[in-house]
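*Asks:*
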Amino acid sequence: MSLLLPEKHNNTESPTWVLSDLLSSISSLKDKNEYSIVAKANDLVLLFQQHPDLTKDVQIKTVLPRIQFMLYHPVSEVRSSCYRIIRYLIVNYESLMILVQLKLLIYIIISLSRTRKATLVEMEQSLKLVREFLTVEKGADLISVGLIKTLITIIEENGESDEKYGEKTVDVIPEIFKNCCLETICEISLMKPELVCHSGGFKVLINAMLEKLIEISSSCVMIILKLLDYENSRKFVRNGYDLDSLISIYSNLCDNEDDSPGTTTTTTKIRKFSSMKLQKVSFLISMLLRNFNGIMAYSINDFTSIKNLLMNLRKKNTKARESILDLLLDALRIRIFPWLKNSPIGDSIVRYNEVLGHGESFDFEFQEVQDEFSRNILHHHQGLLTLILVKNGIFQHLSAIIEEKDDTCSTKATVLLTNLYKLASSYLPSEMVNENLLPDLSLHASYEVVHETRHKFTATTEYNQHIKSSLKQINIQSKYNVDDNEFKTMVTNSKILAIKEFEDWNWSILLNLIQGPLTNPKRFDEILEKAPKFFKRLLSFYRPFKYRFSTITNANKNCLRYINFGCQLIEMFLNLENGIKYLGGSKLLPQLSEVVAQIDPYSGISSKDPILSKKRLESTASTGYIRFIGVLSGHSAGIKMLEQWQFFTLFLNIISSTGESDVNNLFVLTLFKYTDFSIDSQFRNLLKMTFKVSNLKVKNYLLKHLLPQLIKVQECEAFIVKLLVENLYDTDDIVSRSVDLLYSFFNDHNFLNLQLLIKFKPRVEILEKYPLGKKLLMKFLQFPMGFIYLESLGFLDLKFDEWTKLQDFKYLHAIEAMLNYQFLPYIRTPVVADDQLYFLQNLLSTEEGLNFFQYGRGKDFLEVIMSSTEFMFHQILHDDDFYDIDNQDEGRNFVVNSLKQNLWIIGGIALGQYGIQLLDPMYNINLTNPIISDIIYNFQSCPIWQIRGICFYVLGMISSTIEGMEILDEFNWVSCMDQYGNSKKLAYPRFDRLVDVFNVEMTNPYRDTRYYHIFNSIPMEITTENDEVAVVVDSDEELIDDLTISLRHKIIVLITNLQAVLTKIENKAIRELNKIRFRYSEIFENDVELFLEIMKLIDKGNFSFYQRSYIFNLFLSGNSKILELILKKR
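Anchor point for the sequence shown: position 588 equals 588 in UniProt numbering, and the numbering is continuous, going up by one each time.
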């Protein structure tokens, strides 16, 4: 029965007392059955879980003596429970030291070697205990090489036991457990990379990239990229040269991928790789090339790795060529891998994005970069990669493939070549793009390139509409001038003079008449004089109370034709002086006014079935009357007619009624849909009134459908902008839509006309509540008027208060999130550009902004940024603690992050039109040190590669002005300009200095002779040379008999021989060890010194998983007495 009381009694019983009682119970059960021990152990763990603070109060030295017997208990479940208890006892570095002195690592290694019938649960608990070391600061320092090697043997275990080491008595280790071991090694490599290096762990990481699933492979790549940041840490992967192992996959492929009959040699089998493996390798290399650290790693020894990759394009192996071409197209963001969507890698990407809960499935296409900041950096990286590929002769390799006329590879090579040349022309300085870069092509290759670059014409909807409109206008013009006979014939054939029934009229001829001859004033007057019935019958047809046009249903095939004709007819009247008089004197307008009055609740006129009711508008041609009003609204004469018949009073009453009822919503929306607002008329006042009094349905519809169209009309721009500014005082939904529409409009015009908004002085506190409103405010700073307006409201002071509190690195994190979104396109984490990114750039777009930094609040801020950047550059260059990843504590991380943030701030300043004047001592007399030269120097020499990458991108930002380009030119950097001489915000070291700038050499990690022992004191030192063993014995071992010493020597030599390359020597050692175990079992059971020496040998050696199990079973197969003796030996 458990001693732990239910939760309701815990308040009356001290946890300390329960702990003491449990420990006493566990120690008293030493010789009892394992079920009782495990039950008490579970109670103890439960107590720690219920009272987390209890572990901080407990002295680990008082607990261990009570439970240490569980470490050598013969039952696996008991040992598992012990590991579980110990895990809760780890609270600080001192507790870890006590455990290591207890030689706990030996027990963990034995458990992970799966001896003594260890269950998978025991292995899991021991691994969790190892991982608990990593949660304590500097805890990784206490992990031994031997422990890492044990994890490596588990990862490399292939499930096939070696019979000479005994029968396989345990199940295969699950792959998921192996992956956990690999993940543990990855974490240790970030805390103590030299430990992993001397254990051979980085070889396992590289092998995992090649052999494991993509989820694990990509994680290993990210670990390596992180290690490459720090000078003393990247040496353990030879400054990244170990990543060349990925490229070596292509080098190992045969020239001919199809084996000829009879070729079944081992070499051929080795060189054949599955398509899946090639896809994964190309995917990983593309990841590396999209990372600045990856480019640095591949730049070793004058870009040896890049040259190796490109040289494989010379192979006569279609599979290798296609894979390399695909990865280059993907790395340059030209085209995503064609196989990615339907591959296991693609499935993994989809699952990962679903787990992140982004909602939208991954579309496997490169997204267009909307944000200018991210786009410039992305182009800069593309330009750098293009420059490196061009320097290493990619054009020659591609042209050779095109010449071979291999359909698949030739097409891809052509696509890559043409896009590379396009990238070079767009993102590299003109002096770097010359005829020497592109080799002379044959006629065939030239044809392929021209064929690829020639774009097929595709007609757009706008183009088709333009063509139709032009043809229609030509047709109308051709009918304008007709002779008398043709005119009389057209009038007669229209049948309008002879027949009253409108169905029998020839509407096609009537349309030709009002579009052509009747637009001529002479012909119009002629009809009025000689055939007055012509217009009388037409207008009679359209009069509402004749119930002819107004009763035509939408089902009638000619319904729309009659409506369009009526609009054309009124348009013709309004364009003719006599037509205006005729229309004004007709009965159409007064009847139309009465029809509108039917739906005006305040007019006093009513009808059971109003012609303009919602039902009639939806089912009959009544909507045509609203369209007629729309035609009238486009002419000053029409406006006067509407005023004459009190239409605007009726409209005002109807709009007012929509605030309480939505009966007339359709009428109002249809009216505004066809109204012409280009004339400053009362219709504009009606639209303003609508946003003040109408219901939300009307407002939202107008904001969504009408205003976006009107704001594009030049005559309506100012009116709609003012209307949207007035909407900022409405409900949240209306305000949000209004802000979005304002931003969209000005964004379409590159914010060049933003002063139109500034003059209406929108409320700053309202705009600040919305993301796009914040962006608009940032754009205000680009105009003197906007700067003055925001400064007068205290907006700049408020913003600068935020800038002086950037210690939370919000600005840095925003930039890094945006860049990760672009450089890791497979993780679709939604990222919103922070308005702070453009604050400095916009602020320095005017002289007023420059004065703000020279004489205002910005002066102190700038001085702090410059001085701290200079200091941190010096500190990182001269403080060796910044050279190791395992030395990066909170303080050093703060320095690195502060420097990174400062660099991005300096880049933001440089992007401003006047920003360079703050960075150059020639303009800024307060600048004691030329910060630009510091940035260039650190790009070339900073020990942290990530900072070198940021310096590179910031130098591109410095080149955004003429002055910045001139300064960079003095340091042998070339800036990129467009054909008009405007900067593209891209800069590179001169072509001939590229190798000097990327001055990375391959390093030897094994120069460091430090070694990490499994325990502090080693009683014996063994050397095996010519099968002789030298032994250093402690003074208390002098009385050991000669036989024991001889057996020790022999056992150590035989175990060493298990690592022999020759199987004969290995088998002999096994036989001899088995004999000694049979004849002298007591030495394996009682000789602690021998066991510790063997542990040291295992620690230094490279024994396989089954060799380790065999060695440990020599000591533990009978009993665990040796492990008990180890605990007693202090």
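Where a beta carbon is used, it is the ideal one built from N, C-alpha and C, also for glycine.
Can you give the Cα-Cα distance for residue 784 and residue 843, rounded to whole angstroms?
*Replies:* As a first step, residue 784 must be located in the sequence shown, where it is residue number 784. As a first step, residue 843 must be located in the sequence shown, where it is residue number 843. Approximately 10 angstroms between the Cα atoms of the pair.
*Asks:* First and last residue of the alpha helix (DSSP H) that includes residue 708?
*Replies:* Counting from one through the sequence shown, the residue named residue 708 turns up at place 708. Residues 707–710.
*Asks:* Taking residue 655 as the reference, give the member of 586, 521, 670 with the closest Cα.
*Replies:* Along the sequence shown, one-based indexing puts residue 655 at 655. Cα-wise, what sits closest to residue 655 is 670.
*Asks:* Throw me the rounded Cβ distance for the residue 243 and residue 224 pair, which I believe falls under 8 angstroms.
*Replies:* Against the sequence shown, residue 243 aligns to sequence position 243. Against the sequence shown, residue 224 aligns to sequence position 224. Indeed they touch by this definition, with Cβ atoms about 7 angstroms apart.
*Asks:* Quick check: the Cα distance between residue 625 and residue 588, rounded to an integer number of angstroms?
*Replies:* Walking along the sequence shown from the start, residue 625 turns up at place 625. Walking along the sequence shown from the start, residue 588 turns up at place 588. Looking at the two C-alpha atoms, the distance is approximately 10 angstroms.
*Asks:* Would you report the Cα separation of residue 1115 and residue 1122, rounded to the nearest angstrom?
*Replies:* Residue mapping note: residue 1115 aligns to position 1115 of the sequence shown, counting from 1. Residue mapping note: residue 1122 aligns to position 1122 of the sequence shown, counting from 1. The straight-line gap from Cα to Cα measures roughly 7 angstroms.
*Asks:* I need the DSSP call for residue 56, collapsed to helix, strand or coil.
*Replies:* If you number the sequence shown from 1, residue 56 lands on position 56. Here residue 56 sits in helix by DSSP.
*Asks:* Pull up the distance between the alpha-carbon of residue 1056 and that of residue 231, whole angstroms please.
*Replies:* Translated into the one-based positions of the sequence shown, residue 1056 becomes position 1056. Translated into the one-based positions of the sequence shown, residue 231 becomes position 231. Using only the alpha carbons, I get a separation of about 36 angstroms.
*Asks:* Roughly how many angstroms separate the alpha carbons of residue 848 and residue 776, rounded to a whole number?
*Replies:* Taking the sequence shown and counting its residues from 1, one reaches residue 848 at position 848. Taking the sequence shown and counting its residues from 1, one reaches residue 776 at position 776. Distance between the alpha carbons of residue 848 and residue 776 is about 18 angstroms.
*Asks:* Please name the residue in 917, 327, 249 whose C-alpha comes closest to that of residue 966.
*Replies:* Taking the first residue of the sequence shown as position 1, residue 966 is located at position 966. Of the listed residues, the one whose Cα sits closest to residue 966 is 917.
*Asks:* Skipping 5 residues on each side, what residues in its chain have a beta carbon closer than 7 angstroms to that of residue 93?
*Replies:* Translated into the one-based positions of the sequence shown, residue 93 becomes position 93. Excluding positions up to five away in sequence, the list reads 136, 137, 138, 139.
*Asks:* Rounded to whole angstroms, how far is the Cβ of residue 591 from the Cβ of residue 612, which I believe are closer than 8 angstroms?
*Replies:* In the sequence shown, the residue the question calls residue 591 occupies position 591. In the sequence shown, the residue the question calls residue 612 occupies position 612. Incorrect: roughly 12 angstroms between the Cβ atoms, too far for contact.
*Asks:* Take the Cβ of residue 864 as the centre, count every other Cβ of all protein chains shown within 10 Å, and call the residue buried at 16 or more, exposed below.
*Replies:* Locating residue 864 in the sequence shown gives position 864, counting from the first residue. The residue is exposed, with fewer than 16 neighbouring Cβ atoms inside 10 Å.
*Asks:* Are the CB atoms of residue 665 and residue 704 nearer to each other than 9 angstroms?
*Replies:* For the purposes of this step, residue 665 is identified with residue 665 of the sequence shown, where counting begins at 1. For the purposes of this step, residue 704 is identified with residue 704 of the sequence shown, where counting begins at 1. No, they are not a contact pair.
*Asks:* Give me whichever residues DSSP pairs with residue 988 in a beta bridge.
*Replies:* Taking the sequence shown and counting its residues from 1, the one referred to as residue 988 is at position 988. Note: residue 988 sits in a beta bridge opposite 974.
*Asks:* Our contact map puts residue 1002 next to residue 238 with C-beta atoms below 8 angstroms; I'd like the distance itself, whole angstroms only.
*Replies:* As a position in the sequence shown, residue 1002 is number 1002, starting the count at 1. As a position in the sequence shown, residue 238 is number 238, starting the count at 1. Contact flag correct, Cβ pair sits at about 5 angstroms.
*Asks:* With residue 80 and residue 89 assumed to form a contact (beta carbons below 8 angstroms), what rounded beta-carbon distance in angstroms separates them?
*Replies:* Locating residue 80 in the sequence shown gives position 80, counting from the first residue. Locating residue 89 in the sequence shown gives position 89, counting from the first residue. Actually they are not in contact, since the Cβ atoms of residue 80 and residue 89 sit about 15 angstroms apart, beyond 8 angstroms.
*Asks:* My parser needs the alpha helix (DSSP H) runs of 4 or more residues fully inside the stretch 58–109; what are they?
*Replies:* Correct list: 60–67, 76–89, 93–101.
*Asks:* What does DSSP give as the partner residues of residue 681 in its beta bridges?
*Replies:* Translated into positions along the sequence shown, residue 681 becomes position 681. DSSP, once it has assigned bridges, lists no residue as partnering residue 681.
*Asks:* With DSSP run on the structure shown, which of helix, strand or coil describes residue 251?
*Replies:* The residue you call residue 251 lines up with position 251 of the sequence shown. Residue 251 falls in the helix class under three-state DSSP.
*Asks:* With contact counted as at least three CB pairs below 8 angstroms, one residue from each stretch, are the stretch 795–804 and the stretch 852–871 in contact?
*Replies:* Yes, the stretch 795–804 is in contact with the stretch 852–871.
*Asks:* Report buried or exposed for residue 773, applying the criterion of at least 16 other Cβ atoms within 10 angstroms of its Cβ.
*Replies:* Within the sequence shown, residue 773 is the residue found at index 773, counting from 1. So residue 773 counts as buried.
*Asks:* Could you give the residue range of the alpha helix (DSSP H) that holds residue 908?
*Replies:* Taking the sequence shown and counting its residues from 1, the one referred to as residue 908 is at position 908. Per DSSP, residue 908 belongs to the alpha helix (DSSP H) from 890–911.
*Asks:* Please say whether residue 388 and residue 295 have beta carbons closer to each other than 9 angstroms?
*Replies:* Locating residue 295 in the sequence shown gives position 295, where the first residue counts as 1. Locating residue 388 in the sequence shown gives position 388, where the first residue counts as 1. Yes; because the gap between Cβ atoms is below 9 angstroms, this pair is in contact.
*Asks:* Once DSSP output is grouped into helix, strand and coil, what is the label at residue 620?
*Replies:* Within the sequence shown, the letter at position 620 stands for residue 620. Strand, per DSSP.
*Asks:* Return the bridge partner residues of residue 983 from the DSSP annotation.
*Replies:* Position 983 of the sequence shown, counted from the start, is the residue given in the question as residue 983. Answer is 977, bridged to residue 983.
*Asks:* Using 8 angstroms as the cut-off, can you tell me whether the stretch 546–556 makes contact with the stretch 525–537, which would need three or more C-beta pairs spanning the two stretches below that distance?
*Replies:* In short, these stretches do not touch, since the Cβ pair count stays below three.
*Asks:* Got a sec, what are the start and stop residues for the alpha helix (DSSP H) residue 781 sits in?
*Replies:* Position 781 of the sequence shown, counting from 1, holds the residue named residue 781. Counting along the chain, residue 781 falls outside any alpha helix (DSSP H), and DSSP gives it neither H nor E.
*Asks:* Please identify the residue among 348, 853, 604 whose C-alpha is closest to the C-alpha of residue 827.
*Replies:* On the sequence shown, residue 827 is found 827 positions in, with the first residue counted as 1. If we check each option's Cα against that of residue 827, 348 comes out closest.
*Asks:* Could you say which of 537, 540, 575 lies nearest to residue 515 if we only look at CA atoms?
*Replies:* Here residue 515 refers to the residue found at position 515 of the sequence shown. With distances taken between Cα atoms, residue 515 lies closest to 575.
*Asks:* Output needed for residue 122: all residues of its chain with C-beta closer than 6 angstroms, excluding positions within five of it in sequence on either side, in chain order.
*Replies:* Along the sequence shown, one-based indexing puts residue 122 at 122. Answer for residue 122: 76, 79, 80, 111, listed in chain order.
*Asks:* DSSP on residue 961, reduced to helix/strand/coil?
*Replies:* Residue numbering aside, residue 961 sits at position 961 when the sequence shown is read from its first letter. Coil at residue 961, not helix or strand.
*Asks:* Taking the alpha-carbon positions, what's the residue 637 to residue 790 distance?
*Replies:* The residue labelled residue 637 in the question sits at position 637 within the sequence shown. The residue labelled residue 790 in the question sits at position 790 within the sequence shown. Cα-Cα distance, rounded: 44 angstroms.
*Asks:* Terminal residues of the continuous alpha helix (DSSP H) containing residue 854?
*Replies:* On the sequence shown, position 854 is the one that residue 854 refers to. Element bounds for residue 854: 847–855.
*Asks:* Is residue 115 helix, strand or coil by DSSP?
*Replies:* Here the question's residue 115 lines up with position 115 in the sequence shown. Residue 115: coil per DSSP, three-state reduction.
*Asks:* Given a cut-off of 9 angstroms on the beta-carbon distance, is the pair residue 326 and residue 344 in contact?
*Replies:* As a working note, residue 326 is residue 326 in the sequence shown. As a working note, residue 344 is residue 344 in the sequence shown. No, these two residues do not count as a Cβ contact at 9 angstroms.
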